[in-house]
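Novice: One structure follows; several queries about it will come next.
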Amino acid sequence: MLIDRRLSALVAAAALVVAGAGVWLLAGAGGDARRTHVVVDRVPMDEVHPPGTGHPGVVVAHGFAGSARLMAPFGDTLAARGYVVVLLDFTGHGANSRPLTLGDSGDPALERDLDVAVAHLRSLSDVDPDRISLVGHSMGAGAVTRYAAAHPEIESTVAISLPDASAARPAAPARLLLLVGGLEFRGFRDAAEQAGEPGIPGRHATVIPGAEHVSILFSPGAHRETADFLAGTADGAAGGTLPSPTRRAGGAALVLIALAAGLVPLARVTLGGAVRGWPRPDWPLLGRVTAVAVVAAAVGAVIARFLPTGVVPLAIGGYVAVLTAITGAVLIAYARRQRTPIEAAPKRRAFAAPALILYAAITIAVPLQLGLTHAVPSGTRWWSLAVVWAGFAVFAYGAERATDGNSLAVLAVSAVTVIALVVAAIFGLTSTFVLLVAPLLAVLMVWQAVWSAVLHRFAAPPWVIALAGSLLVAWPVAVTLPVVS
Numbered sequence: 001m002l003i004d005r006r007l008s009a010l011v012a013a014a015a016l017v018v019a020g021a022g023v024w025l026l027a028g029a030g031g032d033a034r035r036t037h038v039v040v041d042r043v044p045m046d047e048v049h050p051p052g053t054g055h056p057g058v059v060v061a062h063g064f065a066g067s068a069r070l071m072a073p074f075g076d077t078l079a080a081r082g083y084v085v086v087l088l089d090f091t092g093h094g095a096n097s098r099p100l101t102l103g104d105s106g107d108p109a110l111e112r113d114l115d116v117a118v119a120h121l122r123s124l125s126d127v128d129p130d131r132i133s134l135v136g137h138s139m140g141a142g143a144v145t146r147y148a149a150a151h152p153e154i155e156s157t158v159a160i161s162l163p164d165a166s167a168a169r170p171a172a173p174a175r176l177l178l179l180v181g182g183l184e185f186r187g188f189r190d191a192a193e194q195a196g197e198p199g200i201p202g203r204h205a206t207v208i209p210g211a212e213h214v215s216i217l218f219s220p221g222a223h224r225e226t227a228d229f230l231a232g233t234a235d236g237a238a239g240g241t242l243p244s245p246t247r248r249a250g251g252a253a254l255v256l257i258a259l260a261a262g263l264v265p266l267a268r269v270t271l272g273g274a275v276r277g278w279p280r281p282d283w284p285l286l287g288r289v290t291a292v293a294v295v296a297a298a299v300g301a302v303i304a305r306f307l308p309t310g311v312v313p314l315a316i317g318g319y320v321a322v323l324t325a326i327t328g329a330v331l332i333a334y335a336r337r338q339r340t341p342i343e344a345a346p347k348r349r350a351f352a353a354p355a356l357i358l359y360a361a362i363t364i365a366v367p368l369q370l371g372l373t374h375a376v377p378s379g380t381r382w383w384s385l386a387v388v389w390a391g392f393a394v395f396a397y398g399a400e401r402a403t404d405g406n407s408l409a410v411l412a413v414s415a416v417t418v419i420a421l422v423v424a425a426i427f428g429l430t431s432t433f434v435l436l437v438a439p440l441l442a443v444l445m446v447w448q449a450v451w452s453a454v455l456h457r458f459a460a461p462p463w464v465i466a467l468a469g470s471l472l473v474a475w476p477v478a479v480t481l482p483v484v485s
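This is the structure:
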């Protein structure tokens, strides 16, 4: 018991040190640029102003399920090169609570948002209104490319991970840089190659080695290429050293690690001393539960396709919630048939539930908001979060019951569910956007399994483990997926 107490104190002290380092990184991001948040004609925007006046301006547009905060490193980079930057939240994204209509009909909303952002940027007193450029990623890359093609007064355009080459016309935009990650899906590389044909003046494509669809946003190479192209240089010498594009994400990661480590002392205080060992492989159990999970997830993937999941106003959010809920329900039924016992938890452990659930929300939401993307729900996102959380909670509880709390088996069940989502996307049961977010969802599921292992060590009730752990997955899903109609 004394060793456990000392270990908890040591973990708490280390977490404070790591959190301090993360806060230091976050506090120093952006240098001496002045930042302002505004809402113009219902479009939320972040302004970044370097010292002085008469600056060229850049509008930065995020991709599908992104936000202005996700693109903040580009604000740092471009402000360091003397640009005033406006980063907007497109309709349905970030702090913009207006629903986005999916499909072709969504394009007018994106164009309108860009119109508002460009007009606002031109109106700023420290901006040269005749020197406006655009930068966009993924969905935003298509939007800024189409916008620049229709507005020849736009000086330069940078399209990062352009999804469709048809957004670029043969003669417009006049100056267009296409960036694509070397690890992106073939379709993105083909689009960059087609739109950036060498024979078109003022246009070229560049592959960023080792980058995929999300990590390209934090690649020093992508930031250097963007800044140099907008400045009309090729060697980077004109603007000097650029700030690190990973500083914000790195600071957020340290804060997240610190909060994650803080679960150990919190569990010690709320649940008492550790009474169980860490999970060990149980191969017969692993085989049985994995087989059940395969059947459950397959059934869930098919049934979810034919249910009215669109009532949840989040792109793919309803489908994911239904699939996970059905999978969890099948696992619960299996556990009952196997007569998996449920321990009667002491009152102290049950009373720990509010503290652990609140801590889970803080652990995931605070680092995301501080250094990665918009993570504060608003409008319909609140009840959508409740629905998505319910789906993942049923899944988590079913996994806990079916595996008898073996976190390695929980991890296997989670892997099966993520694979089922990917297969569903491949076979047209849900949006192919799942293919882009599946790696991030897998990481969140691993994290949930780690929480399960820690809380099981302190003998937390299965329902408490399920409610707290599932929130780690449900929160980022609910706050990042676009609000749609």
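Numbering follows the UniProt record's numbering, with no gaps: position 302 of the sequence shown is 302. Just so you know, even glycine gets a beta-carbon here, dropped at the ideal spot from N, CA and C. Since the structure is predicted, the reported quantities are computational estimates derived from the model, not experimental observations.
Just how far apart, CA to CA, sit Leu25 and Phe427?
Specialist: As a working mapping, residue 25 is identified with position 25 in the sequence shown. As a working mapping, residue 427 is identified with position 427 in the sequence shown. Leu25 and Phe427: Cα-Cα distance of roughly 43 Å.
Novice: Would you check if the distance between the CB atom of Gly94 and the CB atom of Ala68 is smaller than 7 Å?
Specialist: Here residue 94 refers to the residue found at position 94 when the sequence shown is read from its first residue. Here residue 68 refers to the residue found at position 68 when the sequence shown is read from its first residue. Contact: yes.
Novice: Let me know if Asp235 comes out buried or exposed under the rule of 16 or more other beta-carbons within 10 Å of its beta-carbon.
Specialist: Residue 235 sits at position 235 when you count from the first residue of the sequence shown. Annotation note: pLDDT 42 at Asp235 (below 50); position unreliable, coordinate value reported separately. With fewer than 16 other Cβ atoms within 10 Å, it is exposed.
Novice: Applying the criterion that 16 or more other CB atoms from any shown protein chain within 10 Å of the CB defines a buried residue, is Trp278 buried or exposed?
Specialist: On the sequence shown, residue 278 is found 278 positions in, with the first residue counted as 1. Exposed.
Novice: In terms of residues, what are the limits of the alpha helix (DSSP H) holding Ser414?
Specialist: Position 414 of the sequence shown holds residue 414. Per DSSP, Ser414 belongs to the alpha helix (DSSP H) from 407-426.
Novice: For Arg276 versus Ala335, is the C-beta distance shorter than 7 Å?
Specialist: In the sequence shown, counting from the first residue as 1, residue 276 sits at position 276. In the sequence shown, counting from the first residue as 1, residue 335 sits at position 335. Not in contact: Arg276 and Ala335 (Cβ atoms no closer than 7 Å).
Novice: Using C-beta distances below 6 Å, list every residue in its chain close to Gly251, excluding the 5 sequence neighbours before and after it, in chain order.
Specialist: Taking the first residue of the sequence shown as 1, we reach residue 251 at position 251. Answer for Gly251: Gly22, Leu25, Leu26, Gly371, listed in chain order.
Novice: Excluding the 5 residues preceding and the 5 following Ala9 in the sequence, name in chain order all residues of the same chain whose CB lies nearer than 8 Å to its CB.
Specialist: Residue numbering aside, residue 9 sits at position 9 when the sequence shown is read from its first letter. Within the same chain, Ala9 has close Cβ partners Pro265.
Novice: Of the choices Arg122, Ile154, Ala13, Ala165, whose alpha-carbon is the least far from that of Gly142?
Specialist: Taking the first residue of the sequence shown as position 1, residue 142 is located at position 142. If we check each option's Cα against that of Gly142, Ala165 comes out closest.
Novice: Once DSSP output is grouped into helix, strand and coil, what is the label at Gly236?
Specialist: Position 236 of the sequence shown, counted from the start, is the residue given in the question as residue 236. The predicted position of Gly236 is uncertain, since its pLDDT is 40 and thus under 50; a value taken from the coordinates is nonetheless stated next. Coil.
Novice: Evaluate contact between the region 130-142 and the region 404-416, counting only Cβ atoms and requiring at least three cross-stretch pairs below 8 Å.
Specialist: These segments do not touch.
Novice: Taking DSSP as the reference, what is the three-state secondary structure of Gly28?
Specialist: Along the sequence shown, read from residue 1 onward, the residue named residue 28 stands at position 28. Three-state DSSP puts Gly28 in a helix.
Novice: Identify, in the order they occur along the chain, each residue of the same chain with its Cβ nearer than 6 Å to the Cβ of Asp89, setting aside the five sequence neighbours on each side.
Specialist: Along the sequence shown, read from residue 1 onward, the residue named residue 89 stands at position 89. So the list reads Pro44, Ser67, Ala68, Ala95, Asn96, once near-sequence residues are dropped.
Novice: For Ala353, which residues in the same chain have their Cβ closer than 7 Å to its Cβ, ignoring the five residues on either side in sequence?
Specialist: As a first step, residue 353 is located in the sequence shown; it is residue number 353 there, counting from the start. Val464, Leu467.
Novice: Taking Cβ positions, are residue 543 and Gly391 nearer each other than 7 Å?
Specialist: Outside the displayed range of the chain (1 to 485) lies residue 543, so it cannot be described from this structure.
Novice: Between the region 30-45 and the region 174-187, are three or more C-beta pairs nearer than 8 Å?
Specialist: Counting Cβ pairs under 8 Å, fewer than three are found: no touch.
Novice: Starting from Val180, trace the beta strand (DSSP E) in both directions and tell me its first and last residue.
Specialist: Within the sequence shown, numbered from 1, the residue matching residue 180 stands at position 180. Start and end: 176-181.
Novice: If we call anything under 7 Å between Cβ atoms a contact, is Leu286 one with Ala399?
Specialist: In the sequence shown, the residue the question calls residue 286 occupies position 286. In the sequence shown, the residue the question calls residue 399 occupies position 399. Going by C-beta atoms, Leu286 is not nearer than 7 Å to Ala399.
Novice: Once DSSP output is grouped into helix, strand and coil, what is the label at Gly210?
Specialist: As a working mapping, residue 210 is identified with position 210 in the sequence shown. Coil at Gly210, not helix or strand.
Novice: Thinking C-beta only, is Pro243 closer than 7 Å to Ser485?
Specialist: Taking the first residue of the sequence shown as position 1, residue 485 is located at position 485. Taking the first residue of the sequence shown as position 1, residue 243 is located at position 243. Contact flag unset, no.
Novice: Could you spell out where the beta strand (DSSP E) holding Arg131 opens and where it closes?
Specialist: The residue you call residue 131 lines up with position 131 of the sequence shown. 127-137 is the span of the beta strand (DSSP E), which, as asked, contains Arg131.
Novice: In the structure shown, what three-state DSSP assignment does Val269 receive?
Specialist: As a working note, residue 269 is residue 269 in the sequence shown. Residue state, collapsed to three classes: helix.
Novice: Quick one: what does DSSP say Val294 is sitting in, helix, strand or coil?
Specialist: Reading the sequence shown from its first residue, position 294 is the one you call residue 294. Residue state, collapsed to three classes: helix.
Novice: Which same chain residues end up closer than 7 Å to Val446 when comparing Cβ atoms and leaving out the 5 residues on each side of it in sequence?
Specialist: By one-based count along the sequence shown, residue 446 stands at place 446. Contacts found: Leu411.
Novice: Rounded to the nearest angstrom, what separates Ser105 and Val118 at their Cα positions?
Specialist: If you number the sequence shown from 1, residue 105 lands on position 105. If you number the sequence shown from 1, residue 118 lands on position 118. Only weak support is given to the placement of Ser105: the predicted model assigns it a pLDDT of 45, under 50, and the value that follows is read from those uncertain coordinates. If you take the alpha carbons of Ser105 and Val118, they lie about 21 Å apart.
Novice: What is the DSSP secondary structure of Asp404, reduced to helix, strand or coil?
Specialist: Along the sequence shown, one-based indexing puts residue 404 at 404. Looking at Asp404 - three-state DSSP - the assignment turns out to be coil, as it is neither helix nor strand.
Novice: CB Val180 to CB Ala195, shorter than 7 Å?
Specialist: Position 180 of the sequence shown holds residue 180. Position 195 of the sequence shown holds residue 195. Not a contact, by the Cβ cut-off of 7 Å.
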